[in-house]
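This report concerns only the one structure given below.
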Amino acid sequence: WNELNPGKEYPRNNDGTIKLLNKHLQELKVDILYHLGLDTQNYDLPAIFGDVKFVCMGGTKYRMRDFAQYIAELLDLPEKNKKLVNLTKHSQRYAMYKAGPVLSVSHGIGVPSMTTVLQEVIKLLAYAKVKDPIIFRIGTSGGLDIPPGSVVVTSFGLNGNLGKTFDIPVLGKTRQLPSILDSRVCQEVHSLSVDNDDFGTYIGGTMGADDFYIGQGRLDGPFCDYTQTDKMTFLNTLKGLGVRNIEMEANAFAAYTRAAGIRAGIICVTFLNRLLGDQVTPNKATLKEWQKRPMIVVGRYIEKYFEDR
Ligand code: R2B
Ligand code: URA
Numbered sequence: 030w031n032e033l034n035p036g037k038e039y040p041r042n043n044d045g046t047i048k049l050l051n052k053h054l055q056e057l058k059v060d061i062l063y064h065l066g067l068d069t070q071n072y073d074l075p076a077i078f079g080d081v082k083f084v085c086m087g088g089t090k091y092r093m094r095d096f097a098q099y100i101a102e103l104l105d106l107p108e109k110n111k112k113l114v115n116l117t118k119h120s121q122r123y124a125m126y127k128a129g130p131v132l133s134v135s136h137g138i139g140v141p142s143m144t145t146v147l148q149e150v151i152k153l154l155a156y157a158k159v160k161d162p163i164i165f166r167i168g169t170s171g172g173l174d175i176p177p178g179s180v181v182v183t184s185f186g187l188n189g190n191l192g193k194t195f196d197i198p199v200l201g202k203t204r205q206l207p208s209i210l211d212s213r214v215c216q217e218v219h220s221l222s223v224d225n226d227d228f229g230t231y232i233g234g235t236m237g238a239d240d241f242y243i244g245q246g247r248l249d250g251p252f253c254d255y256t257q258t259d260k261m262t263f264l265n266t267l268k269g270l271g272v273r274n275i276e277m278e279a280n281a282f283a284a285y286t287r288a289a290g291i292r293a294g295i296i297c298v299t300f301l302n303r304l305l306g307d308q309v310t311p312n313k314a315t316l317k318e319w320q321k322r323p324m325i326v327v328g329r330y331i332e333k334y335f336e337d338r
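Numbering (the numbering used here) for the sequence shown: 30 to 338.
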């Protein structure tokens with residue numbers, strides 16, 4: 030398991046609500062969720078968010094608004110005819126939309142931006158007394174040896190040193206948190222890929238890099254002191270480890286959701302095949318179309334969850 034969560038099971042209360050593994054929180058009269066622009070005193074969090082079952086996170090505000098709109102239509106929710114409001118508008122950092130039981134939250138680029146909002150979302154879910162939630166990341170990535178436009182469902186996260194951990198300095202010492210995702214969620218999401226989709230859906234490891242350029246072995250950044258051969262050796266090593274795509278959050282997302290004991294999945298579209306190049310060349314319309322693919326795949330999972338109940 031790990032040091033932040035030494036137990037062997039998901040930390041849950043008997044009713045399925047989340048147990049926060051931080052006893053210091055009990056000393057707070059009010060907890061301010063600063064980046065969400067919410068707090069436990071001025072907002073009735075159970076009334077506003079208590080019915081949430083799924084949280085979907087992704088890089089941009091626009092994409093996450095589109096996703097909330099898509100879910101409202103898919104589940105035929107009353108929100109489909111309303112203008113969705115950004116529930117974090119007081120913070121101005123991120124965006125969060127609610128479509129019935131689905132929260133759609135932007136997280137920006139990279140680990141620090143993502144983990145900041147993710148941790149406040151985890152506290153929000155606990156304060157709102159949400160039961161057994163599942164958190165998805167729907168994102169974009171560079172693929173390894175699969176056609177651009179493919180979807181990857183992440184089976185494990187990998188860091189830039191090829192370890193299956195998220196490494197974070199805490200009080201001057203680096204902790205290594207395992208980057209493991211719920212394998213059932215991964216398999217179930219993948220099983221909902223459909224034969225007549227016009228894209229392939231793959232299961233594989235995802236490297237979360239701390240940089241878009243040299244951190245992902247690119248040759249087109251402002252600095253580069255390695256060769257094309259070095260790059261290819263590295264990408265082929267990743268491929269040999271079962272890595273299918275590279276983005277900038279997967280290992281930390283897997284580690285923190287696991288530390289909190291919340292089931293999670295990562296579903297990304299690939300914008301290019303990194304074995305063939307570094308530049309993102311498809312036009313804007315194509316990229317926009319491709320970004321819908323993780324939404325379609327996760328939408329199927331959410332739709333099925335409510336159909337089966
Ligand atoms: C994928 O795309 C972004 C960089 O372009 C980053 O947030 C990621 O993980
Ligand atoms: N996002 C990344 O982090 N890398 C890519 O190659 C494409 C999108």
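Glycine is no exception: its CB is placed at the ideal position from the N, C-alpha and C atoms. These numbers come from a predicted model, not from an experiment.
With a cut-off of 8 Å on Cβ pairs, the region 277-286 is in contact with the region 172-190, counting three or more such pairs. Distance between lysine 90 and proline 198, taken at the CA atoms: about 29 Å.
By the Cβ test, the region 60-72 is not in contact with the region 250-261, since fewer than three Cβ pairs between them sit closer than 8 Å. By the criterion of at least three beta-carbon pairs nearer than 8 Å, the region 76-93 is in contact with the region 125-134. The straight-line gap separating the alpha-carbon atoms of glutamine 121 and asparagine 115 is approximately 9 Å. Inter-segment contact for the region 148-160 and the region 206-215 is absent: fewer than three beta-carbon pairs are separated by less than 8 Å.
Per DSSP, the unbroken beta strand (DSSP E) holding glycine 234 starts and ends at 230-237. Restricted to the region 179-245, the beta strand (DSSP E) segments that are unbroken, complete and at least 3 residues in length are 180-187, 194-199, 202-207, 230-237, listed in chain order. Note on geometry: alpha-carbon atoms of cysteine 253 and alanine 155 lie some 44 Å from one another. About 4 Å separates the Cβ atoms of leucine 221 and arginine 329, confirming a contact at the 8 Å cut-off. Note that the C-beta distance between valine 150 and glycine 137 is not below 9 Å. The DSSP assignment places 74-78 as complete runs of the alpha helix (DSSP H) inside the region 37-101, in order along the chain (cut-off: 4 residues).
A contact is defined here as three or more CB-CB pairs under 8 Å, and the region 225-240 meets this definition with respect to the region 264-280.
Excluding sequence positions up to five before and after glycine 250, its CB lies within less than 6 Å of the CB of Tyr242, Ile243, all in the same chain and listed in chain order.
Classified as buried, histidine 219 has 16 or more neighbouring CB atoms from the shown chains inside 10 Å of its CB. Counted as a single uninterrupted DSSP element, the stretch harbouring phenylalanine 252 is not any alpha helix (DSSP H), since DSSP gives it neither H nor E. Taking a 10 Å sphere around the C-beta of glutamine 98, we find 16 or more other C-beta atoms and assign the residue as buried.
As summarised for the region 106-193, the continuous beta strand (DSSP E) elements at least 3 residues long and confined to that stretch are 125-128, 131-135, 163-172, 180-187, given in chain order. Ranked by how close their Cα comes to the Cα of arginine 322, the residues Lys52, Ala289, Phe300, Asp239 have Phe300 in first place. Leucine 264 sits buried, since 16 or more C-beta atoms from the chains shown fall within 10 Å of its C-beta. Note that the C-beta distance between arginine 292 and isoleucine 164 is below 9 Å. Going down the chain, each residue whose beta-carbon is closer than 7 Å to a heavy atom of the ligand URA shows up: Thr169, Ser170, Gly171, Ala238, Phe241, Gln245, Ile275, Glu276, Met277, Phe300, Leu301, Arg303, Val309. If you ignore the 5 residues before and after glutamate 332, its C-beta comes within less than 8 Å of the C-beta of Leu103, Leu104, all in its own chain and listed in chain order.
If you look at arginine 287, you'll find it in the alpha helix (DSSP H) that goes 279-288. Residue pairing of glutamate 276 in beta bridges, as defined by DSSP: Gly237. Looking at Lys82, Trp319, Leu200, Asn190, the one whose alpha-carbon comes closest to that of arginine 338 is Lys82. DSSP places asparagine 265 within a helical segment (H, G or I) once states are collapsed to three. With respect to the C-alpha of arginine 92, the residue from Trp319, Tyr63, Phe335, Glu336 having the closest C-alpha is Trp319. By the criterion of a C-beta distance shorter than 7 Å, lysine 268 is surrounded in its chain by Leu173, Asp174, once the five residues flanking it on both sides are discounted.
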